[in-house]
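Down below is the structure, laid out as structure tokens.
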Amino acid sequence: MIGSRLAAHAASHIAALAATLPATRPSAPPGLRPATSPLSRAALSALLAAASLSAPALAAPAATYTNPVLSGFHADPSICRVGGDYYLATSSFEYFPGVPIYHSKDLVHWLQIGHALTRASQLNLKKTRSSQGIYAPTLRCHDGVFYMVTTNMEGGGAFYVHTKDPAGEWSEPVWLNDPSFAMDPSLFFDDDGKVYYTRHGGGERGGVYQAEINLKAGKLLEPPRLIWSGTGGVWPEGPHLYKHDGQYYLMISEGGTSYNHSLTMARSASPWGPFTANPANPILTHRGHPELPLQATGHGDLVQTPEGKWWMPLLGIRPVEQRHHLGRETLLTPVEWNEQGWLTVNKGRPLAVEMSAEGLPPLTPWPAEPVRDDFSAPKLGLQWTQLRGPGDGLWSLSERPGYLRLKGSGVTMNDIAQPAFIARRQEHMRMRVSTQLEFEPAAATHAAGLVLRQNENNYYELRVTGTPQRKLELLARARGVTTLQASAPLPPGPVVLQVESWADRYEFSYSGAGVPLKQIGSVPTAALSSESAGGFTGVFIGMYAEGARQQAMPPADFAWFDYQPLEK
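For the sequence shown, my numbering assigns the number 1 to the initial residue and increments by one for each residue that follows.
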């Protein structure tokens, strides 16, 4: 270290001296030889190069990635790899389309390429309560065919769909002959051609059940039977079966999907057990460490890179003063197998927001998503979702080209039904959303505007309503009780509605034609947190219209919608 410092010090002085010298050696007067041979710049530059060789080069900063790798509500991630491409699916609950599908080249940067469930014939969510519907999926690829298996909790039970193109259309559901509560199903393809269906057994102490399955016939070959009860934690769920070095490994989550969440593992020489628990269980948990920025870590899946490195996507939350409103997000961590043949997670350390990218494929970001959707495309972008179905008749991109037209019905945001509502996930603590709305209510019940939704009992609305005098209202609904936070008269014409978010609050603003934005109110994010509102999802932000009762409702026309992240 001392030698390096001296070399660097000498090099800096030589460089300074070289700058004061002539480029070539000066000539001596005629008939005289110079008494000495002064150094030229070229000579000193050579000396400088030699000095620099003796000093170590400054190392480039180590590459890192940031957790979550999929921010906002992206819970229960499941992953598979095909060559150098990675595909990931997450749960979707009461939202339609169901089960978003993502693609990555590096496990860090993900691009949504589609949904597995895009048709009403695949997904019946009518009357589905919030945080019911589509629970955790498992995504696998075998012999060029992708399989996604999941459960519709209030619409038929366990099923799978399949495709050869994960960005394209998926098959109709293949409903499984599993008569029991079949939460968090998974598929494992063994070397001998057998395929196993593994799932949670139901209830807080249900254990993990398994059956052999014939995917071509679309049926279980036997009733599922108990293979492991876990280590004693409640809700032993999210099971995945793997094979490594001739042993079968079963990884599950225990403790419930909140602050006591954990991952545990067991292994056996047979896929049927008996399974021996890892003596180091849980292999990952952040419970008991409220100081950590990432909490509720669990429900993971495993993938191996072509270079032989192992990684785990899993879910976690980012609480703000012990409350989280963005939902359960997708994290990423390295894992490896130790000498005893057990999986270790992040070398036994807690997961961090900034993690080393060592062992990852070269980081390959996708182009940034455009801030503005101007609704000029013939169909909605993949970021948009609706409640409980495709919303036929409730919206149009063609009736007024260049606008998203919402056609409100008698269904409101309070109802367990399908309102005229098109929204996207809030994916950043700091973000700004704005939209321009043209809407002339014809009855006191008519309303349209922006909504930030956690569920039907907990949301915020910035809405245009009122007749004959239009007005703007900021409403807060918390635990089923709606209160008026602020109100302002509106002049005729288009209105711009805006919400800006911080970790702890939302600030709402509005403007009319040629009028600067004016703030109308500020409300806490905590009211939309899972700790306050309950449930397993996160905040969705978007556009809605409601209130048609005795008469037809005028359309609500949205000219554009901006989603602007204000953080990394």
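By construction, the Cβ of each residue, glycine as well, lies at the ideal position given by its N, Cα and C atoms. Small disclaimer: the values here were computed from a predicted structure and weren't measured.
Proximity of residue i and residue j at Cβ, strictly below 9 Å
{"i": "Q436", "j": "L528", "result": "no"}
{"i": "S570", "j": "F536", "result": "Residue 570 is absent from the structure shown; the chain starts at 1 and stops at 568."}
{"i": "L284", "j": "V345", "result": "yes"}
{"i": "W570", "j": "F439", "result": "Residue 570 lies beyond the range of the chain shown here (1 to 568); nothing can be said about it."}
{"i": "S487", "j": "E500", "result": "no"}
{"i": "I134", "j": "F188", "result": "no"}
{"i": "A352", "j": "N67", "result": "yes"}
{"i": "Q498", "j": "V433", "result": "yes"}
{"i": "P441", "j": "G466", "result": "yes"}
{"i": "I520", "j": "R424", "result": "no"}
{"i": "T150", "j": "T138", "result": "yes"}
{"i": "Q295", "j": "A443", "result": "no"}
{"i": "L363", "j": "D106", "result": "yes"}
{"i": "P97", "j": "L111", "result": "no"}
{"i": "Y160", "j": "G218", "result": "yes"}
Close-in-space but distant-in-sequence residues of the same chain around residue i (CB under 8 Å, 5 per side omitted)
{"i": "K127", "result": "E154, R388, I416, A417"}
{"i": "Y209", "result": "S180, T198, R199, H200, G201, P224, R225, L226, I227"}
Proximity to residue i [Cα-Cα], best of the options
{"i": "L326", "options": "L70, P494, F159, A444", "result": "L70"}
{"i": "P313", "options": "L263, A448, L497, A556", "result": "L263"}
{"i": "D184", "options": "Y460, A89, G308", "result": "A89"}
{"i": "D245", "options": "T138, F93, W228, W337", "result": "W337"}
{"i": "I422", "options": "R432, G393, P401, T445", "result": "G393"}
{"i": "P236", "options": "L220, R430, T198, Q112", "result": "T198"}
{"i": "R627", "options": "W342, T525, M251", "result": "Residue 627 lies beyond the stretch modelled for the chain, which goes from 1 to 568, so this question has no answer here."}
{"i": "I252", "options": "P441, Q551, G83, H200", "result": "H200"}
{"i": "R205", "options": "F181, L221, L220, I213", "result": "F181"}
{"i": "R287", "options": "I227, A280, P350, T276", "result": "P350"}
{"i": "Y249", "options": "Y259, S268, G256", "result": "S268"}
{"i": "L123", "options": "D106, N152, T231", "result": "N152"}
{"i": "C80", "options": "D301, K568, N414", "result": "D301"}
{"i": "M543", "options": "Q469, P489, L404, E427", "result": "L404"}
{"i": "Q322", "options": "K216, S104, S258", "result": "S258"}
{"i": "H142", "options": "L215, Q551, P306", "result": "L215"}
{"i": "P565", "options": "Q426, Q485, P492", "result": "Q426"}
{"i": "A62", "options": "T297, R400, G449, E354", "result": "E354"}
{"i": "N278", "options": "A443, G256, Q340", "result": "Q340"}
{"i": "G144", "options": "D192, H261, Q304, D85", "result": "D85"}
{"i": "G308", "options": "W110, G83, N457", "result": "G83"}
{"i": "G493", "options": "R505, Y506, V464, A211", "result": "V464"}
{"i": "G449", "options": "N457, N414, L406", "result": "L406"}
Local conformation of residue i per DSSP, three classes
{"i": "K216", "result": "coil"}
{"i": "E291", "result": "coil"}
{"i": "S258", "result": "coil"}
{"i": "G348", "result": "helix"}
{"i": "L111", "result": "strand"}
{"i": "S532", "result": "helix"}
{"i": "A75", "result": "coil"}
{"i": "R33", "result": "In this prediction, R33 has a pLDDT of 30, which is less than 50 and means its spatial position is unreliable; nothing more can be read from the coordinates."}
{"i": "A447", "result": "strand"}
{"i": "T151", "result": "strand"}
{"i": "A167", "result": "coil"}
{"i": "T90", "result": "coil"}
{"i": "V116", "result": "A small fix is needed here, since residue 116 is Ala in this sequence, not Val. Strand at A116."}
{"i": "T588", "result": "Because the chain in this structure spans residues 1 to 568, residue 588 falls outside the shown range and cannot be described."}
{"i": "T333", "result": "strand"}
{"i": "A277", "result": "strand"}
{"i": "A526", "result": "helix"}
{"i": "R318", "result": "coil"}
{"i": "D562", "result": "strand"}
{"i": "P22", "result": "Unreliable placement is indicated for P22, whose pLDDT of 38 sits below 50; the coordinate value is still reported in the next sentence. Reduced to three states, the DSSP call for P22 is coil."}
{"i": "T66", "result": "strand"}
{"i": "A556", "result": "strand"}
{"i": "S487", "result": "strand"}
{"i": "P100", "result": "strand"}
{"i": "T138", "result": "strand"}
Own chain partners of residue i with C-beta closer than 7 Å, once the 5 adjacent residues on each side are dropped
{"i": "K518", "result": "S509, Y510, S511"}
{"i": "H74", "result": "T90, E329, T330"}
{"i": "L292", "result": "H286, P350"}
Own chain, CB closer than 6 Å to residue i, minus 5 neighbours either side, in chain order
{"i": "G408", "result": "A420, A545, E546, G547, A548, M553"}
{"i": "P166", "result": "Y87, I101, F146"}
{"i": "Y95", "result": "T385"}
{"i": "W342", "result": "N278"}
{"i": "R119", "result": "none"}
Chain D contact for residue i (CB, 9 Å cutoff)
{"i": "W170", "result": "Although the question refers to chain D, the structure presented lacks it and comprises just one protein chain."}
Item checked: Contact between the segment 340 to 359 and the segment 379 to 388 (3+ Cβ pairs under 8 Å) -> no
Notebook entry, point to check: So, do the segment 477 to 484 and the segment 555 to 564 have three or more beta carbon pairs nearer to each other than 8 Å?
Noted result: no
Margin query: Would you call the segment 166 to 176 in contact with the segment 235 to 243, where contact means no fewer than 3 C-beta pairs closer than 8 Å?
Written below: Under the Cβ criterion (8 Å, minimum of three pairs), the segment 166 to 176 does not count as touching the segment 235 to 243.
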